[in-house]
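Below is one structure, written out as structure tokens; the observations come after it.
Residue numbers (UniProt numbering): 1 to 143.
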């Protein structure tokens with residue numbers, strides 16, 4: 001497990017936070033739902049909170065063994081897929097709601113693209129199995 005601040009993040013906390021970042025947790029009023037990875041994009045408040053990206057990478061590290069199982073937890077995959085797909089649709093596509101309305105700077109678009117590339121790469125490598133955590137997080141560790 002990786003250290004998050006002074007506390008250890010365990011699997012249960014990682015799953016909870018992942019659901020919040022993907023905006024699928026049932027507690028819609030929870031702070032992390034409102035300001036997590038997808039929550040920070042809708043409604044967009046003018047800035048990307050880098051702490052959300054780092055927390056997602058921490059979640060990937062905590063849940064790494066889950067990706068190696070013969071039957072991967074569908075909920076975990078759905079959350080990461082939603083985060084990557086919706087963030088791309090909303091922030092990266094020129095006709096997505098954030099770019100179409102001129103809400104993101106060029107730098108913010110580039111940053112979001114970099115984050116999504118690192119998240120999706122890490123998940124892809126972990127799904128290949130063989131305990132490739134170092135490879136999965138290579139780009140992030142050089143970030």
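All C-beta atoms in this analysis are idealised placements derived from N, C-alpha and C, irrespective of residue type, glycine included.
Which of helix, strand or coil does DSSP assign to residue i?
i: residue 80; result: helix
For residue i, which option in the options has the closest C-alpha, if you only look at C-alpha atoms?
i: residue 85; options: 113, 60, 141 and 139; result: 113
i: residue 122; options: 141, 74 and 33; result: 141
i: residue 139; options: 69, 74, 57 and 91; result: 57
i: residue 104; options: 44, 21 and 34; result: 44
i: residue 131; options: 68, 51 and 31; result: 68
To which residues of the same chain is residue i closer than 7 Å at the C-beta, ignoring the five residues directly before and after it?
i: residue 89; result: 96
i: residue 42; result: 90
i: residue 11; result: 62 and 63
Could you check how far apart the C-beta atoms of residue i and residue j are, in whole angstroms? I think they sit under 8 Å.
i: residue 136; j: residue 125; result: 4 Å
i: residue 111; j: residue 48; result: 6 Å
i: residue 28; j: residue 55; result: Between residue 55 and residue 28 the Cβ distance is about 19 Å, and since that is not below 8 Å, they are no contact.
Should residue i be counted as a contact of the ligand NAP given a C-beta to heavy atom distance under 6 Å?
i: residue 21; result: For the ligand NAP, the structure offers nothing, since it holds no ligand at all.
Please list, in chain order, all residues of the same chain as residue i whose beta carbon is under 8 Å from its beta carbon, the five residues on each side excluded.
i: residue 14; result: 58, 59, 62 and 63
Within the same chain, show all residues whose beta-carbon is closer than 6 Å to that of residue i, passing over the 5 residues directly before and after it, in chain order.
i: residue 73; result: 66
i: residue 115; result: 53
i: residue 80; result: 123
**OP:** Only counting runs of 3 or more residues, tell me where the beta strand (DSSP E) segments fall wholly within the region 18-52, in order along the chain.
**Re:** With a minimum length of 3 residues, no continuous beta strand (DSSP E) run stays inside the region 18-52.
Subject >> Every unbroken beta strand (DSSP E) inside the region 52-132 [3 residues or more] >> reply: Counting only runs of 3 or more, we get nothing.
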